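A short worksheet on the structure shown next.
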Amino acid sequence: MLKKTFKKLSQYEWEIPKTYRSDMRVAVHLFASELLLEAALDDLSLEQAVNVTTLPGLVGPVVVMPDVHQGYGFPIGGVAATAFPHGVISPGGIGYDINCGVRLMSSSIEYTEAQPHLAQLAAALNAACPSGMGKAGPFKLKPSELDAVCRLGAEWAVKQGMATTEDLRRTEETGCVDGADPRWVSEHAKTRGSDQLGTLGSGNHFMEVDVVEQIFDPDAAQAMGLMEGCLVLQFHCGSRGLGHQVCSDYVQEFQSAVRRYGIQLPDRELVCAPMDSPEGQHYLAAMRSAANFAFCNRQVLAHLAQRAFEQVLAGKIRRFHLHQVYDVAHNMGKIETHMIEGKPLKVCVHRKGATRAFGPGQAGLPEEYQAIGQPVLVPGSMGTASWVLVGTETSMAISYGSTCHGAGRVMSRSKAKRDVRGDRLRDELEQQGIHIQAGSLAGLAEEAPQAYKDVDDVVETVSGAGIARKVARLRPVVVVKG
DNA sequence: ATGTAC
């Protein structure tokens with residue numbers, strides 16, 4: 001797409017007007033600096049955003065985040081809100097990794113004190129948290145147990161002694177989205193998920209120990225238990241093969257639904273169905289089941305990681321307890337109420353590679369975050385910084401309570417694999433004092449920092465546009481990847 | 001993202 005297509009609204013906001021193409025129902029609103037706009041022009045992500053504007057039932061502009069890149073049908077880094085219940089829901093607007101998300105845990109362990117033990121900690125985390133493609137975890141769930149995970153989400157882990165009620169309170173949707181019904185999850189998806197609870201996966205999924213490097217908002221940092229110079233644990237993963245199969249199943253099933261409901265689409269990958277149709281209802285029930293599987297997966301991983309910390313640091317470090325800061329979803333369709341043209345309206349917010357970023361005072365936020373807004377967790381690319389932000393009143397007003405989710409890819413996986421030597425990259429990161437545990441050197445190369453945008457630029461944009469506020473910057477010291 | 005093509 002050409003830069004002249006965009007109308008500049010402010011330093012960090014650009015618009016593709018509705019007049020750009022005759023089938024657009026709404027405009028595209030992109031958050032980007034000049035530099036990030038130019039990066040976004042290099043792939044098909046903005047054409048995809050224009051395609052999304054043709055979906056029936058949109059209530060306002062399709063919003064695009066600065067970490068945008070091309071995805072299946074919808075761009076990764078896109079947000080679209082459709083009227084509930086007559087508007088459509090589209091699996092491609094949520095993504096193959098349903099409820100892919102990030103969890104952050106704080107500690108009072110000082111980096112300087114823990115530094116001699118970090119290599120051992122990296123190995124212990126790698127041993128405790130299975131990672132890699134198709135990797136099985138510590139449990140083989142019977143069908144009735146898997147159904148319970150899909151219905152209960154992270155609460156299932158409380159019953160198993162792997163979670164506390166505080167963990168749930170500090171999880172988006174308290175770790176369980178309503179309306180999940182595993183009867184609409186295929187047997188195939190259930191089979192794939194049955195041994196994957198408590199696993200990290202591959203690709204850009206990771207587990208990381210970071211040091212809190214700089215605090216920008218002391219009040220918010222204090223509410224979250226973040227202290228400069230102390231270690232935190234964060235990880236990024238989702239619903240594994242189960243969610244992937246749910247998305248595949250419904251993308252296929254929706255092909256005929258599109259014809260049945262007479263929906264015109266510029267791209268088959270945008271397949272969708274009205275939320276109040278049987279197809280839409282079944283997908284919602286299955287997608288929510290996969291979302292709960294992912295919440296439970298992150299809860300189990302948190303438990304396994306905590307045990308690894310105890311195993312390595314007990315007796316060496318005075319206090320090693322990890323406290324949940326928050327757990328966010330960045331691939332999800334949620335029914336929420338937003339102010340649309342001055343009136344509250346129930347909508348389905350499709351967030352694909354976009355983080356919910358509720359501002360202060362929103363229902364559903366735990367008491368300690370009511371005044372500061374929802375914690376937003378933005379991991380950078382491997383070996384680079386990550387950010388903790390909070391949602392704002394502006395994000396509620398102009399981005400359906402959403403903000404960015406990461407650095408955003410700029411180089412294809414195949415090109416990164418050609419250009420980057422995994423062994424050299426590992427050595428470079430080790431030289432920077434980052435302990436790496438990598439299941440696959442080819443996988444490591446695909447995630448090289450040069451394959452991603454600069455997360456600091458992305459955060460500068462969302463912060464400058466006002467759709468999130470900076471709380472803390474984190475620096476990695478241990479990275480575990482599949 | 002993903003038993004990376006039934």
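Here full-length UniProt numbering is used: the first residue of the first sequence is 1, the next is one more, and so on. From the three backbone atoms N, C-alpha and C, an ideal C-beta is built for every residue, glycine too. All figures in this text were calculated on a predicted structure; none of them were measured in a lab.
Practice problem: Leaving aside the five residues before and after Q450 along the sequence, list all residues of the same chain whose C-beta is less than 8 Å from its C-beta, in chain order. | Solution: M411, A416, D419 and V420
Quiz item: Is it right to say P138 is buried, meaning 16 or more other beta carbons lie within 10 angstroms of its own, or is it exposed?
Solution: So P138 ends up on the exposed side.
Quiz item: Going by the CB atoms, is the gap between V232 and S107 shorter than 8 Å?
Solution: yes
Exercise. Would you list the one or two residues that DSSP bridges to M339?
Key: P344
Quiz item: Taking the DSSP output, what are the residues bridged to D210?
Solution: V232 and P476
Exercise. Just the C-alpha distance for L104 and Y326, rounded to the nearest angstrom, thanks.
Key: Annotation: L104 to Y326 spans about 6 Å, alpha carbon to alpha carbon.
Quiz item: Ordered along the chain, which non-local residues of its own chain (more than five positions away) have a Cβ less than 6 Å from that of H435?
Solution: L118, A119, A122 and V478
Quiz item: Do the CB positions of Q331 and I94 come within less than 8 Å of each other?
Solution: It should be pointed out that residue 331 corresponds to Asn in this sequence rather than to Gln. Yes, Cβ-Cβ distance for N331 and I94 is below 8 Å.
Practice problem: Can you tell me which of the three DSSP states Y326 falls into? | Solution: strand
Quiz item: In terms of residues, what are the limits of the alpha helix (DSSP H) holding R169?
Solution: T165 to R169
Practice problem: Output the boundary residues of the beta strand (DSSP E) element that contains V378. | Solution: P375 to V378
Self-check item: In chain order, each alpha helix (DSSP H) run of at least 4 residues that lies wholly inside the stretch 139–208
Solution: 143–152, 155–159, 165–169 and 187–193
Self-check item: Stretch-stretch touch, CB-based, cutoff 8 Å, three pairs: the stretch 136–154 with the stretch 173–192
Solution: yes
Quiz item: If we ignore side chains and look at the alpha-carbon of each, how far apart do S239 and A294 end up?
Solution: 4 Å
Quiz item: Going by the beta-carbon positions, is the gap between G406 and V462 smaller than 8 Å?
Solution: no
Quiz item: Can we say the stretch 281–294 touches the stretch 53–72, given the rule of at least three CB pairs closer than 8 Å?
Solution: no
Quiz item: When DSSP builds the beta bridges, which residues end up paired with V459?
Solution: Partner(s): none; V459 has no beta bridge.
Quiz item: If you compare alpha carbons, which of T174, T165, Q160 and D181 is closest to C150?
Solution: D181
Quiz prompt | Coil, strand or helix - Q432 by DSSP | solution = coil
Self-check item: Segment contact, 8 Å Cβ cut-off, at least three pairs: the stretch 83–90 with the stretch 345–358
Solution: yes
Quiz prompt | Distance, A314 Cα to M24 Cα | solution = 59 Å
Quiz item: How close, in whole Å, do the beta carbons of T394 and I467 come, if the pair is a contact with beta carbons under 8 Å?
Solution: 6 Å
Quiz item: Which residues mark the beginning and the end of the beta strand (DSSP E) in which G76 is found?
Solution: Here the sequence assigns Ile to residue 76, which means Gly is not the residue at that position. Per DSSP, I76 belongs to the beta strand (DSSP E) from I76 to A83.
Exercise. Confirm, please, whether the CB-CB distance from Q234 to E208 is below 8 Å.
Key: yes
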